[in-house]
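First comes the structure, then the notes that go with it.
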Amino acid sequence: MSEPFDPYRESMRPVDYPQAGPQPPYPNPQSPYPGPQSYQSPQSPYPGQMRNIDQFTTALVRPRVVVVSFVFWVLAALSWPVGTVVRTLAEDDGSFAGFGPIMTLFATGCIGVAGVWGAVLLIGGSYQARIGLVGVSLVIGVLALAAVIVAARDGDAGPLSWVVMVLRLALPAVATVFAFLPGTRHYFAGNMG
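Have a look at this one:
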C-alpha cells in the first residue's frame, strides 16, 4: 500500500513547460505525464484544450441611452462647482473673499469630482454606480430644492442664479431617466461584479 504524497520527504519533479513551435504528436513516449489519455488532444500532452466556441469573444455593446445618461451625469456633476463660480461672480461682485464662498466652492468641487467619478463608473457598466448616482442625487437634490425655496422666499437671486438652480434640479432627473430607460438593463446586468 502506498502512502500519501509528502512534498517534504522527496524533491519535487520539475515542471515540463510547453515550448514554442510545433508540438510533438501525442502520445509522446518521452512525456513524463502518465495517466488516462482519452481526454487529451492529439497535438498536446496538456489536458483541457479550448473548444472552437471558446476561441471567440463578444463585446457587450453600450446602448446609446447609457452614453446620453453619462453626458447628463457629467453635466449635473459639473453644475455644482461651475454654478458656484458663476453665482459668486454674478452676485458677489466677483470676489471669493471670506470663509463662506471658499468652503462652498470646496464642497461643490467635491460634489463635482464625486459625480464625474460616478459617471465614469456608469459608462463602464457599473450597476452600483447607477444606483449610487441616483441615490446621492436625491439627497443632494434636497439641498438644491432648499436653495430654490430660500431664493424664492428672499427674492434676491438674479436670473443667472435661477438658471444654475434649475439646472441643478433638472440635470440629475434627466440623467436618471436615461440611465433607466429600456435597453439599459442588459448592459448593467452584465457588469454586476
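Residue 137 in my numbering sits at position 149 of the sequence shown; the count goes up by one each step and never skips. The beta carbon of each residue, even a glycine, is placed where N, CA and C say it ideally should be.
* State the Cα-Cα distance for the pair residue 168 and residue 87, rounded to the nearest angstrom. => Numbered from its first residue, the sequence shown carries residue 168 at position 180. Numbered from its first residue, the sequence shown carries residue 87 at position 99. Distance between the alpha carbons of residue 168 and residue 87: 40 angstroms.
* Have a look at 126, 80, 101 and 50 and flag the residue whose alpha-carbon is nearest the alpha-carbon of residue 68. => Translated into the one-based positions of the sequence shown, residue 68 becomes position 80. Among 126, 80, 101 and 50, the Cα nearest to that of residue 68 belongs to 101.
* Euclidean distance between Cα positions of residue 124 and residue -8 -> In the sequence shown, the residue the question calls residue 124 occupies position 136. In the sequence shown, the residue the question calls residue -8 occupies position 4. Approximately 58 angstroms between the Cα atoms of the pair.
* To do: Please confirm whether residue 152 and residue 74 have their CB atoms less than 8 angstroms apart.
  => Position 164 of the sequence shown, counted from the first residue, corresponds to residue 152. Position 86 of the sequence shown, counted from the first residue, corresponds to residue 74. In this structure, residue 74 lies closer than 8 angstroms to residue 152 by Cβ.
* Under the rule that 16 or more other beta-carbon atoms within 10 Å means buried, what is residue 147, buried or exposed? -> Sequence index remark: in the sequence shown, residue 147 carries index 159 (1-based). Exposed, by the Cβ-count rule.
* To do: My understanding is that residue 62 touches residue 104, with C-beta atoms under 8 angstroms, so please give their C-beta distance in whole angstroms.
  => Within the sequence shown, residue 62 is the residue found at index 74, counting from 1. Within the sequence shown, residue 104 is the residue found at index 116, counting from 1. Correct: roughly 6 angstroms between the Cβ atoms.
* Look at the Cβ atom of residue 60, then the Cβ atom of residue 126, and state whether they are nearer than 8 angstroms. => Walking along the sequence shown from the start, residue 60 turns up at place 72. Walking along the sequence shown from the start, residue 126 turns up at place 138. Result no, Cβ atoms of residue 60 and residue 126 do not sit closer than 8 angstroms.
* **Reduced DSSP category for residue 144 - H, G, I as helix; E, B as strand; rest coil** => What you label residue 144 is simply residue 156 of the sequence shown in a count that begins at 1. Three-state DSSP puts residue 144 in coil, outside helix and strand.
* Can you tell me whether residue 77 is buried or exposed, with buried defined as 16 or more other CB within 10 angstroms of its CB? -> Here residue 77 refers to the residue found at position 89 of the sequence shown. With a threshold of 16 other beta carbon atoms within 10 Å, residue 77 falls short and is exposed.
* Asked: Hey, quick one: how far does the alpha helix (DSSP H) through residue 172 stretch, first residue to last?
  -> The residue labelled residue 172 in the question sits at position 184 within the sequence shown. Residue 172 -> no alpha helix (DSSP H), and no H or E assigned at all.
* **residue 172 vs residue 54 beta-carbon contact at 8 angstroms** => Here residue 172 is taken as the residue at index 184 of the sequence shown, counted from 1. Here residue 54 is taken as the residue at index 66 of the sequence shown, counted from 1. Inclusion of residue 172 and residue 54 in the CB contact set at 8 angstroms is warranted, their separation being smaller than that value.
* Go through its chain and collect everything with a Cβ distance to residue 90's Cβ below 8 angstroms, but skip five positions before and after it. => The residue you call residue 90 lines up with position 102 of the sequence shown. Listed in chain order, the non-local C-beta contacts of residue 90 below 8 angstroms within the same chain comprise 84, local neighbours out to five positions each way being set aside.
* Asked: Leaving out the 5 sequence neighbours to the left and right, which residues in its chain are closer than 7 angstroms to residue 162 when beta-carbon positions are compared?
  -> In the sequence shown, residue 162 corresponds to position 174, counting from 1. Residues of the same chain with a CB within less than 7 angstroms of the CB of residue 162, apart from the 5 flanking positions on each side, are 60 in chain order.
* Asked: DSSP state of residue 132, grouped into three classes?
  -> One-based indexing of the sequence shown puts residue 132 at position 144. Correct three-state label for residue 132: helix.
* Asked: With C-beta atoms as the reference, is residue 56 less than 8 angstroms away from residue 166?
  -> Position 68 of the sequence shown holds residue 56. Position 178 of the sequence shown holds residue 166. Cβ distance < 8 angstroms, so residue 56 and residue 166 count as in contact.
* To do: Go ahead and pull the three-state DSSP assignment for residue 106.
  => Walking along the sequence shown from the start, residue 106 turns up at place 118. Secondary structure at residue 106: helix, using DSSP grouped into helix, strand and coil.
* Report the three-state DSSP secondary structure of residue 167 (helix, strand or coil). => Stepping through the sequence shown from its first residue, residue 167 is reached at position 179. Correct three-state label for residue 167: helix.
* Asked: If you drop the 5 nearest sequence neighbours on each side, which residues of the same chain put their C-beta closer than 6 angstroms to that of residue 24?
  -> Taking the sequence shown and counting its residues from 1, the one referred to as residue 24 is at position 36. Note on residue 24: pLDDT 45, under 50, position unreliable in the model; the coordinate value appears next. Contacts found: none.
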